[in-house]
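Each number in our numbering comes from the position in the sequence shown (counting from 1) with 62 added on. Before any comments, here is the structure.
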Amino acid sequence: MDISDATIALSALSQPSRLEIFRQLIQAGPAGMPAGAIGEKLEIKQNTLSANLTVLRNAGLIRNEREGRSIRYFADINGLSGLLSFLLQDCCGGRADLCQPLINDIASACCSSDGDNGGVARC
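Now the structure itself:
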């Protein structure tokens, strides 16, 4: 990922509804979610949801698959990984020991359980 791609991704996440959508898809994991379920869960109107999903997809943060008459959306883990790698490139001046706590925090947050997910671990 280059600075242009990172700027597009960060811009996409800078709007509260899009950030909520992205976080919801991260929590959904590999099963993803149908567009309608995302809208219902987050109480976002269909036309607004569609526009926000398009922005996130164009930013490389989500992907979709058609399932008959509906579309299922997924967090694009490769896109997220690219963004995080770009942000952390040359982190701490190359001192891995200084970066390790941050990396541990990210890994811990990924695989923690919380009340929003029924106590189930999410990664």
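C-beta atoms are modelled at their ideal positions from N, C-alpha and C, and glycine is treated no differently.
Beta-carbon within less than 6 angstroms of residue i's beta-carbon, same chain only, minus the 5 sequence neighbours each way: which residues are those?
| i | result |
| --- | --- |
| Asp-178 | With a pLDDT of 49 at Asp-178, under the threshold of 50, the modelled position of this residue cannot be trusted; read the value that follows with caution. Closer than 6 angstroms at the Cβ level, and outside the excluded window around Asp-178, lies no residue. |
| Leu-111 | Gly-101 |
Can you pull the DSSP bridge partners for residue i?
| i | result |
| --- | --- |
| Asn-126 | Tyr-135 |
| Pro-96 | Arg-134 |
Looking at the secondary structure, which residues open and close the alpha helix (DSSP H) in which residue i lies?
| i | result |
| --- | --- |
| Pro-78 | 78-90 |
| Asp-64 | Element bounds for Asp-64: n/a, residue is neither H nor E. |
| Cys-153 | Unbroken run through Cys-153: none, as it is neither H nor E. |
| Ala-171 | 158-172 |
| Ala-113 | 108-120 |
Thinking residue i and residue j are a contact (beta carbons under 8 angstroms), I'd like their distance in whole angstroms, please.
| i | j | result |
| --- | --- | --- |
| Asn-114 | Ile-83 | 6 angstroms |
| Ile-123 | Gly-101 | According to the sequence shown, residue 123 is Leu rather than Ile. Actually they are not in contact, since the Cβ atoms of Leu-123 and Gly-101 sit about 18 angstroms apart, beyond 8 angstroms. |
CB-CB under 7 angstroms to residue i, same chain, minus the five flanking residues each way: which ones, in chain order?
| i | result |
| --- | --- |
| Phe-148 | Met-63, Ala-68 |
Quick check on residue i - is its C-beta less than 8 angstroms from some C-beta in chain C?
| i | result |
| --- | --- |
| Ala-158 | No chain C appears in the structure shown, which is made up of a single protein chain. |
Excluding the 5 residues flanking residue i on each side, which residues of the same chain have their C-beta closer than 8 angstroms to its C-beta?
| i | result |
| --- | --- |
| Ser-132 | Pro-96, Ala-97, Gly-98 |
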